[in-house]
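These notes concern the structure reproduced below.
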Amino acid sequence: MAQPYPLPREIRSTGTLAFDGASVTFGPFDFKIFDTADVVVELKHAGDAEWTATSAVTVTKSSAAALDTFSVTFDVIHPVTSTFRVRGARLHERSVGLAKGIGLDLLELEKEVSKHGIVLQETRADAGLRDADRARTLRAPDGESLPAIPPVADRATRILGFDVDGHPVAMVPGTADAQAVANTYPRRSADNKSWEAYTSTQVLKDLGAFFGTRAQAVAAKIPDEQDWLRTFGYAEPCDGGGALYKRAASEPAHERKFPSADGAWWELVPENDGINLLQLGCPLVSAVTAEPIYDATTAIVAAMAFNGILNVPRGQFQVNPFENTNSTKIRGAGSEHTTFLIQPTSNAPSVWGLSSDMEFCGYTVKIDPAVIGEHDGLYSTGLTIGRYFYAPAYDPIRRVKVDDVKVVRTGAVENLVNSFTIIGDVAGVTATNCEAVGGLGGMVMHWGVDQIGTYGDAITTRTFHPNDITVENFKVSDTVQGWAVFISACYNVTVNGLTVDNVELAVSLQAGDVGNTYSVAAEKDLVNTGIHVDGVHGTVVNPTTAQTSAITVRGSGNYNGDWNVTPFKNCSIRNVTLFADGVTAASSAVVWARELYATNHAANSEQGIVFENIRVWVDPAETEQTKGFHFELGAGIRGVNLQTNAHNGVNLDRVKNSRFEVFAKNPNATTTATENYGVRTAGARYTEQLNANVAAGATSLSVAASFDLRLFPGDILRLSSDPSKHAVVSAFTNGTTIPVEATDFTATSGDFIYLDKRIENVDVSGGVKGYPYGVSGRIGTNNHINGLNLEGIVFEECGLHDISLQNADFVNFTRNTHKEGGTRQRDVASNTRCLDLEKVANSRISRNVFGADSRYYNHAIYYRDANCYNLVVDDNLYGAFIGDEIAGTALAGAYSSPDRTNTYARQRLVAGGDVTPVLT
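Converting from the sequence shown to this note's numbering requires adding 346 to each position, the first position being numbered 1.
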């Protein structure tokens, strides 16, 4: 017969189930129960380590049958991050008798036996759970018993250990329980064959000692067995001054030490990457400011005796001027967060680097007040590396890193006070991302001398010259009495990226007051070589003389009263853009270079300095005598792409063996200056010395008749950036002006473009203003103009004729504008022409505007003779002209002389005298 209460082989548990975040009722489940009390429901929420039985649930059987499946209903909705499990947990009982008369009630017997079976199944499942729980407990090995741990009162605030018998004991680290700890603190034996116990002394050495502050450690009597200790603060716990100390055999010679009450000496142990300035004692002065202020006058002295890394955290640290003589690497938290507040003295830098392998990184130096310094800014600086005076025996300085250091000078600004100075026998310095605010100058690189004396004494022994210096991304502002970068008698120096604002002199290269007393003989040929400045941008203020021009290069120095010239060789200043505000002196120049060669050096062509891509702009309202560039007593100079809007562009005074290419100049259009030139040479001392390629892209090349300028036959006159349009020079006449690719400028005298002899493939473009001619080509015996392109020129107030050409072939006049002509012939109804042509053939006149304001022109195109032939005149626009030049048939007066094989097409006339035609 079938079992009325069948029991399958099962563990009577659901396993882990997940909530769905919405339901409260789950089931029916796979196993059956007799009573609703036969079930245990357990929960486990997110983050719980153990299962917890819950009573907040209702169990409901599926039917009224004695043994049936069931469901559970929770009192609340549980989140999806929670889980539950349901397992059978019947507690055995006997509540029904099995006797029925003289026999047994078989149905009840079946029920009772099934209940017994259920209890046995669930007992087996519980045993499995207990095994899993036991696996997660700490237990003694098989065969051993573990006594109870000490009661709560004995083990509170202590640590649990085991005595020699392996019984648990409560212990306190330290001398009282040292042996107990030692007995349970094994180590390997010397032969590594067995374990052996520590002695109490050994345990003490391992445990060390801990103190909240340094003062507590000073007051403590520390057992002799103790080798080290740790503090968690200097003046207060967690004040940043916590440190590790080790026992010293005797009093250390440095300041990073203290004695404990028992007489032992302890010295600071560098950890990780060095020591922290707060570990040396920096009393808090004020916590009101954004960055707290500390008194570090004593701590910095102790720190500088450390040959390693000094970490300076965020904050402001009051210090006296200090010296780095032990190759200390100073590393702040960044110039925005770490600041040294320094009260300077007149005989020492604020921070003085006097050893090799130093680092100065990540901090600001604030100097207040600024006091006068000496020796070209050696003293009272924010940072000086090296020295001016050298003793007979000394250590040179090599391999120095400076990064993210800012010097801010407040208060009065006196002469000869700089922010950074590199001086004397110093090599291998890299300075990156630094900044100078205020003071006389930003950074000085200067030679030193082997002498004990006072500045200005005669130099009778050796000189020392900084070399292999790299400066990158340097910012200088508000040094209104001095320079941003000053380099004197150095070599192999690179300045890459200089930003200036409100400074008087951006870059100064000086030969130095040195003679032939070099400490290293080879330096005689090295000093002032390999100096390269690249990328200078910003604003300069009031550079009024040669000594204070925005860019100054000077090759001479006063050596013991005798001016000596040390040439600059293999040097360059490139990629400069400066706005000069306040240039007022008539003799001033934004860029000034002089005395760049020595008269006793014959091979001047081997020497030189390159000025390339230099743009200097002045306020147009400034003096009309202001020069953009001035080169004087120079040799071996190359000027490439020199651009300025100064009224006077480039002035050459006794310059030889040099090259100048690509000038640009845009003076004030309303100027009435008596001096106004693109390039001018002055001084007959060096006759015929400017043998060079000259003036590609120059606005003008102006030579007064009393001075000397000669372009020799065979030189290339670069009138265009296109090499195919360069001109071969055969002769040049003084008193003329040559413009090239110019825009809106005024000539002073002579023809604007004077084409003499044979000129081939010339390109002239841009806007011009001058008189009496804009462009003039004159006949020379058996010579002619061939292949001239005149395009995109605006002719304005040229005085007589805008273009006057004779004996020319293959000329292209295109897209030119002629307006306000005839400044010398105004109100005179004759002889003022846009084009004045004689013997011009095989040419084209196209897309020009003749007479944009035509009341001063008599003719648009005027042919002097019948030898103007094979001309194509098309697509031009004409205004009205003076007199009856346009009477009769249309355009009859716009051009004169009979046509001879000339072609006219698309000519347009705009009537009236005050019109501005525009080409379409």
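A virtual CB, placed ideally from N, CA and C, is assigned to each residue, including glycine.
Do residue i and residue j have their C-beta atoms closer together than 8 Å?
| i | j | result |
| --- | --- | --- |
| I688 | N657 | no |
| Y736 | D796 | yes |
| C628 | A651 | no |
| I919 | F957 | yes |
| D777 | V817 | The residue you asked about is not Asp; residue 777 is Ala in the sequence shown. Result yes, Cβ atoms of A777 and V817 sit closer than 8 Å. |
| N813 | C836 | yes |
| D366 | V426 | yes |
| A435 | D384 | yes |
| G1138 | N1162 | yes |
| I960 | L979 | no |
| V873 | H811 | yes |
| Q664 | E637 | no |
| G587 | L624 | yes |
| A782 | S765 | yes |
| N292 | R1193 | Here the chain comprises residues numbered 347 to 1266, so residue 292 is not present and cannot be evaluated. |
| H1147 | F1196 | no |
| A336 | Q572 | Only positions 347 to 1266 of the chain appear in this structure, which leaves residue 336 out of reach. |
| T825 | G784 | yes |
Name, in chain order, the residues that DSSP records as bridge partners for residue i.
| i | result |
| --- | --- |
| E396 | Answer is none; E396 lacks a bridge partner. |
| K1185 | Beta-bridge pairing links K1185 to no other residue. |
| R733 | None, per the DSSP bridge assignment. |
| N764 | G787 |
| F557 | T577 |
| N1158 | N1135 and R1190 |
| S632 | I639 |
| S417 | T406 |
| N670 | G699 |
Just confirm the distance between the C-beta atoms of residue i and residue j, as a whole number of angstroms; I'd bet it's less than 8 Å.
| i | j | result |
| --- | --- | --- |
| V1267 | L844 | No statement about residue 1267 is possible, as the shown extent of the chain runs from 347 to 1266 and does not include it. |
| E388 | T406 | Wrong, their Cβ atoms sit about 18 Å apart, outside the cutoff. |
| I568 | S606 | 5 Å |
| S681 | D750 | 5 Å |
| A926 | V964 | 5 Å |
| Y1208 | R1179 | 4 Å |
| V839 | V853 | Wrong, their Cβ atoms sit about 11 Å apart, outside the cutoff. |
| A516 | L506 | 6 Å |
| A679 | P659 | 6 Å |
| I768 | I815 | 6 Å |
Give the secondary structure of residue i by DSSP, where H, G and I count as helix, E and B as strand, and everything else as coil.
| i | result |
| --- | --- |
| L624 | helix |
| A648 | helix |
| E682 | coil |
| Q562 | helix |
| R431 | strand |
| S1150 | strand |
| I877 | strand |
| I568 | coil |
| R602 | coil |
| R920 | strand |
| R436 | coil |
| I357 | coil |
| R940 | strand |
| E456 | helix |
| V839 | strand |
| T521 | Low local confidence applies: a pLDDT of 43 at T521 is under 50, so the model's placement there is unreliable, and no value is given. |
| V498 | helix |
| D384 | helix |
| R1170 | Because R1170 sits at a pLDDT of 46, beneath the cut-off of 50, its placement in the model cannot be relied upon, and the following sentence gives the value as read from the coordinates. Note: R1170 maps to coil in three-state DSSP. |
| K870 | helix |
| G907 | Residue placement at G907 is flagged as unreliable, the pLDDT there being 46, under the threshold of 50; a coordinate-derived value is accordingly withheld. |
| K461 | helix |
| P425 | coil |
| D749 | strand |
| T469 | helix |
With contact counted as at least three CB pairs below 8 Å, one residue from each stretch, are the segment 501 to 514 and the segment 403 to 422 in contact?
Three or more Cβ pairs closer than 8 Å define a contact, and the segment 501 to 514 falls short of that threshold against the segment 403 to 422.
Given 8 Å, three or more beta-carbon pairs between the segment 697 to 708 and the segment 662 to 682
Put simply, the segment 697 to 708 touches the segment 662 to 682. At least three CB pairs are less than 8 Å apart.
Taking contact to mean at least 3 C-beta pairs separated by less than 8 Å, is the segment 605 to 619 in contact with the segment 576 to 586?
Verdict: no, contact absent.
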